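To start, the structure under review is shown below, and the notes come after it.
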Amino acid sequence: MAQTMTQVHNSIPVITLDGPGGVGKGTISALLAAELNWHYLDSGALYRLTGLACVQNGIALDSSEEVALHAENLAVKFLPLGGILLDEQEVEALIRTEMAGNNASKVAAIPQVRDALFKRQKAFLQLPGLIADGRDMGTTIFPDALLKVFLTASAAERAKRRYKQLIEKGNNVKLADLIVEIQERDERDMNRSASPLKAAKDAHIIDTSDLTIDEVFQKVMLLYKNL
Ligand code: C5P
Numbered sequence: 105m106a107q108t109m110t111q112v113h114n115s116i117p118v119i120t121l122d123g124p125g126g127v128g129k130g131t132i133s134a135l136l137a138a139e140l141n142w143h144y145l146d147s148g149a150l151y152r153l154t155g156l157a158c159v160q161n162g163i164a165l166d167s168s169e170e171v172a173l174h175a176e177n178l179a180v181k182f183l184p185l186g187g188i189l190l191d192e193q194e195v196e197a198l199i200r201t202e203m204a205g206n207n208a209s210k211v212a213a214i215p216q217v218r219d220a221l222f223k224r225q226k227a228f229l230q231l232p233g234l235i236a237d238g239r240d241m242g243t244t245i246f247p248d249a250l251l252k253v254f255l256t257a258s259a260a261e262r263a264k265r266r267y268k269q270l271i272e273k274g275n276n277v278k279l280a281d282l283i284v285e286i287q288e289r290d291e292r293d294m295n296r297s298a299s300p301l302k303a304a305k306d307a308h309i310i311d312t313s314d315l316t317i318d319e320v321f322q323k324v325m326l327l328y329k330n331l
């Protein structure tokens with residue numbers, strides 16, 4: 105008998121990686137996607153792009169309906185070899201700043217924005233599989249995921265990692281400012297009513313504070329192989 109679309113979707117494997125900012129989800133997700141040759145959803149980028157589209161069009165980040173409309177109509181292309189186009193303009197560098205992260209966390213607290221981005225995130229579910237990186241991948245977007253991982257690390261450790269990343273990219277930032285920004289963003293992400301940042305009940309929690317990237321990657325691969 106022919107499979108329904110829902111059955112097909114349920115049979116596509118998903119590994120979710122959730123956790124706070126600066127914990128290394130992006131790096132680990134990219135490694136997993138390359139290793140397994142699966143698709144990759146960087147859901148944070150969608151919130152960052154929504155924030156950017158609003159800033160560029162002069163929309164206040166707390167005007168729920170207008171922000172949701174921009175989320176719904178994002179003209180975005182993730183380029184296969186890297187790079188992100190918004191309205192045909194390359195915006196990868198623009199969305200990776202701390203300011204863009206903070207703006208993303210403001211628009212992400214608006215329930216209508218989360219609803220507007222729901223289908224777009226689901227559309228990344230394609231064979232042979234998906235690595236989904238975000239805050240609510242295991243709780244809200246892919247609750248039936250094959251494997252759910254929640255990464256943690258202290259705010260100080262995450263700020264140090266972010267600092268290194270930003271300095272390497274030539275940004276001029278202060279570590280003390282980054283710690284404050286990371287704590288503010290955590291606070292907002294954990295305390296919002298719509299899909300707050302939290303581990304799914306069936307997620308494997310990995311504290312990455314004292315682990316290298318490769319050690320975290322190996323741990324997730326082991327969880328996957330032992331399924
Ligand atoms: O992961 P990234 O730092 O790019 O995310 C930016 C912001 O987008 C987060 O601080 C969070 O507020 C929001 N976000 C979210 N849900 C996701 C991914 C990101 O609310 N699934």
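Quick note: the sequence shown uses my numbering, first residue 105, plus one each step.
Just so you know, even glycine gets a beta-carbon here, dropped at the ideal spot from N, CA and C.
Bear in mind that the values here come from a model prediction, so they are computed numbers and not experimental data.
Start and end residues, beta strand (DSSP E) containing residue i
i      : result
Gly238 : Leu234 to Gly238
Asp290 : Counting along the chain, Asp290 falls outside any beta strand (DSSP E), though it belongs to the alpha helix (DSSP H) covering Leu279 to Asn295.
Asp311 : His308 to Asp311
Val180 : Val180 to Phe182
Ile188 : Ile188 to Leu190
For residue j and residue i, the rounded distance between their alpha carbons
i      : j      : result
Leu234 : Ile283 : 31 Å
Ala335 : Thr120 : This structure leaves residue 335 out entirely; the chain is present only between 105 and 331.
Asn161 : Leu221 : 19 Å
Val211 : Leu178 : 14 Å
Arg152 : Arg200 : 8 Å
Glu196 : Ala204 : 11 Å
Glu194 : Gln225 : 21 Å
Val217 : Glu176 : 8 Å
Leu145 : Gln230 : 11 Å
Asn295 : Ala213 : 9 Å
Gly187 : Leu156 : 15 Å
Gln322 : Asp311 : 14 Å
Leu185 : Leu327 : 28 Å
Asp290 : Arg262 : 11 Å
Pro232 : Val324 : 18 Å
Gly148 : Gly126 : 12 Å
Ile158 : Leu150 : In the sequence on display, residue 158 carries Cys and not Ile. Taking the straight line joining both Cα atoms gives about 12 Å.
Lys278 : His174 : 32 Å
Asn276 : Lys264 : 14 Å
Reference residue i; option with closest CA among the options
i      : options                           : result
Asn206 : Thr316, Ser115, Asp166 and Leu173 : Asp166
Phe246 : Lys223, Leu255 and Lys264         : Lys223
Asp314 : Ser258, Leu150, Asn161 and Leu331 : Ser258
Ile309 : Asp146, Met325, Leu326 and Thr256 : Thr256
Gly238 : Pro117, Asp122, Ala157 and Ile271 : Asp122
Ile132 : Val253, Pro300, Cys158 and Thr244 : Val253
Ala303 : Thr244, Ser115, Leu279 and Ala260 : Thr244
Asn114 : Ala227, Ala280 and Lys278         : Ala227
Residue i, buried or exposed, once every other Cβ within 10 Å from all chains shown has been counted against 16
i      : result
Asp248 : exposed
Gly274 : exposed
Lys251 : It should be pointed out that residue 251 corresponds to Leu in this sequence rather than to Lys. Leu251 should be labelled buried.
Pro124 : buried
Glu285 : buried
Ser297 : exposed
Asp191 : exposed
Asp241 : Looking at the sequence provided, one finds Met at residue 241 rather than Asp. Met241 should be labelled buried.
Thr316 : exposed
Asp293 : buried
Lys305 : exposed
Leu135 : buried
N- and C-terminal bounds of the alpha helix (DSSP H) containing residue i
i      : result
Lys329 : Ile317 to Lys329
Leu185 : No alpha helix (DSSP H) holds Leu185; DSSP gives it neither H nor E.
Ala197 : Glu196 to Ile199
Ser299 : That residue, Ser299, is in no alpha helix (DSSP H); it is neither H nor E in DSSP.
Ser168 : Ser168 to Glu176
Problem - Completely contained alpha helix (DSSP H) runs for the region 202–268, where each covers 4 or more residues - result: Complete alpha helix (DSSP H) runs here, min 4: 202–211 and 215–226.
Handout entry: 3-residue-minimum beta strand (DSSP E) runs that sit fully inside the region 118–149, ordered along the chain
Key = List check, beta strand (DSSP E) in window: 118–122 and 143–146.
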